[in-house]
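Below: one structure, written as structure tokens.
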Amino acid sequence: MTQSPIQQQTIQLVATQIPKTEKLEEMLTPFALDETLIRHLTKEEDGPFVHFWTLEDIVILGMTDTKVPYLEQGIERLRANGFTPIVRQAGGLAVVSNEGILNISLLFKNKQMPTINEAYEWMQQLIQETFPEAEALGGIQAFEVADSYCPGDYDLSIQNRKIAGIAQRRLKDVVCVSIYLSVYGDQNRRGRVVRDFYDHALQGEETKWHFPEVNADSMWNISDALGCDLTIEDVQVRVLQALTKLGCLLEENETDFIHTPDFQKALERFVKRQ
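In my numbering, the protein residues as written are 2 to 275.
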């Protein structure tokens, strides 16, 4: 594996914590901020950035999820289960973001663009450094967990049960690799909520798109896997320690990107897609 472009770099830290809200603009803030950072990096020699973000009681749908034949019924079911659906720009399928889920975006500029797999492997390496005790359990492996929600080749698993999923977006010479990590909470219920959505949104009909038959037991939390109580803050500290081990210097980002015209434009685009 080639060396990650973030190694030996000064990493700018960004954090977005969105409490439970009914305001669509607030729910979409982390996505608009990632998009703003991506576009900032296309124009400036800056970064890399690490963006920690959390949302409460949201199901993040992929664009493919909007193709289901009974979308309205699926959305009604999500709301009945206490979740608000939003649609993201990046690929993939439905994922849950609620208390106990940490999302991390790693954004960097690289003139020699890495392959898609290399970028995924760098995120896997960071998570392996974050949880070194997982080695005693067989390590954090990357392979598709087909009966999880939002399955992909770089699902991260411990003992064949998924703890995280990774996606990425590219624009010019900028890469944004994002991961959702199940830290604590009722992961089985998260799986049941997504399965319930597909049951009501598909109603047994065949489509030209493939949607997972979600097995709620195919995933678990990193806290349960390691047998210890972890908070979101604990994991953020561990990630920062892992970055330090990789030779990175850490500094708080001082630019208020949320109050820039680029952020407002990005937010408006995301709102229009809903």
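We treat Cβ as the ideally placed atom computed from N, Cα and C, and that holds for glycine.
Keep in mind the model is a prediction, meaning the values are calculated, not measured.
Q. Can you list, in chain order, the residues of its chain whose CB lies under 8 Å from that of V194, leaving out five sequence neighbours each side?
A. V60, L79, N82, F84, V97
Q.
Within the continuous beta strand (DSSP E) that includes R171, where are the two ends?
A. 162-172
Q) For the region 84-134, which segments carrying the beta strand (DSSP E) assignment without a break, of at least 3 residues, lie completely within its bounds, in sequence order? A) 85-88, 96-98, 102-110
Q. Is it right to say N161 is buried, meaning 16 or more other beta carbons lie within 10 angstroms of its own, or is it exposed?
A. exposed
Q: Using a threshold of 8 Å, state whether the C-beta atoms of T208 and P6 are closer than that.
A: No; because the gap between Cβ atoms is not below 8 Å, this pair is not in contact.
Q.
Give me, in chain order, the residues of the same chain whose beta-carbon lies closer than 6 Å to that of E234; leave out the 5 immediate sequence neighbours on both sides.
A. Taking C-beta separations shorter than 6 Å and ignoring five residues to either side along the sequence, E234 has no partners in its chain.
**Q.** Through-space distance from I12 to E45, alpha-carbon basis
**A.** Rounded to the nearest whole angstrom, the C-alpha separation of E45 and I12 is 15 Å.
Q | Element boundaries [alpha helix (DSSP H), containing H41] | A | 30-44
Q. Taking I117 as the reference, which of G75, I76, Q126, A168 has the closest Cα?
A. A168
Q: Closer than 7 Å by C-beta to Q275: which residues in its own chain qualify, once you throw out the five before and the five after it? Chain order, please.
A: These residues qualify, in order along the chain: L25, I87, V88.
Q | First and last residue of the uninterrupted alpha helix (DSSP H) at T245 | A | 233-246
Q) Between R40 and V240, what straight-line distance do the alpha-carbon atoms span, to the nearest angstrom? A) 25 Å
Q | Three or more C-beta pairs below 8 Å linking the region 48-66 and the region 101-109 | A | yes
Q. When you compare each of S183, D187, F212, Y185 to R196 by their alpha carbons, which one comes out closest?
A. F212
**Q.** Residue ranges of each alpha helix (DSSP H) within the region 178-205, 4 or longer
**A.** 188-203
Q) Comparing alpha-carbon positions, which option in V236, K163, E23, L157 lies nearest Q126? A) L157
Q. Nearest CA to the CA of K163: which residue from Q142, K246, R171, Y199?
A. The candidate whose alpha carbon is nearest that of K163 is Q142.
Q.
Please classify A276 as buried or exposed, where buried requires at least 16 neighbouring CB atoms within 10 angstroms.
A. No statement about residue 276 is possible, as the shown extent of the chain runs from 2 to 275 and does not include it.
Q: Have a look at V238 and G101 and give me their C-alpha separation to the nearest angstrom.
A: Whole-angstrom Cα-Cα distance: 15 Å.
**Q.** CA-to-CA distance, T131 to D257, given in whole angstroms
**A.** So the two alpha carbons sit approximately 28 Å from each other.
Q: Please check the pair L34 and F264, which I expect to be a contact at CB under 8 Å, by giving their CB distance rounded to whole angstroms.
A: 7 Å
Q: Name the two residues that bound the continuous alpha helix (DSSP H) containing S224.
A: 223-227
Q: Have a look at K68 and G205 and give me their C-alpha separation to the nearest angstrom.
A: 14 Å
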